[in-house]
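Student: Below is the structure I would like to discuss, written out as structure tokens.
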Amino acid sequence: MTTSGFVDPENHLYTNLAFWFSDQYDIPTKMGVYQGLNRSVFRSKKEFQGSIVKHIEKVMEYYEVCNEV
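Take 17 as the starting number for the sequence shown in the numbering used here and just add one per residue.
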């Protein structure tokens with residue numbers, strides 16, 4: 017665990033890196049979808065909770081749903 021960066025080798029406490037990857041990470045990621053490039057028409061928004069890995073996964077899924085080609 018120490019070599020992964022999750023535990024500080026000096027005081028044996030968990031690091032911020034471990035916090036980001038844990039389900040206790042309480043800072044949400046917010047995503048908004050607008051019509052066009054000028055952001056004048058708001059379409060939808062979504063907020064994601066959980067570990068940073070879940071944030072990335074859910075944001076990419078939502079992006080795929082909202083992406084119009």
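Using N, Cα and C, we set each Cβ at its ideal position, and we do this for glycine too.
Check whether the Cβ atoms of residue 67 and residue 20 lie closer than 8 Å to each other.
Tutor: In this structure, residue 20 does not lie closer than 8 Å to residue 67 by Cβ.
Student: Over what stretch of residues does the beta strand (DSSP E) that includes residue 35 continue unbroken?
Tutor: Unbroken run through residue 35 is the alpha helix (DSSP H), 32-37; no beta strand (DSSP E).
Student: Taking the continuous alpha helix (DSSP H) assigned at residue 75, which residues delimit it?
Tutor: Start and end: 68-82.
Student: When DSSP labels each residue in this structure, what does residue 50 get in the three-state scheme?
Tutor: Strand, per DSSP.
Student: Using a Cβ-Cβ cut-off of 6 Å (strictly less than) and excluding sequence neighbours within five positions of residue 28, which residues of its own chain qualify?
Tutor: Correct list: empty, nothing qualifies.
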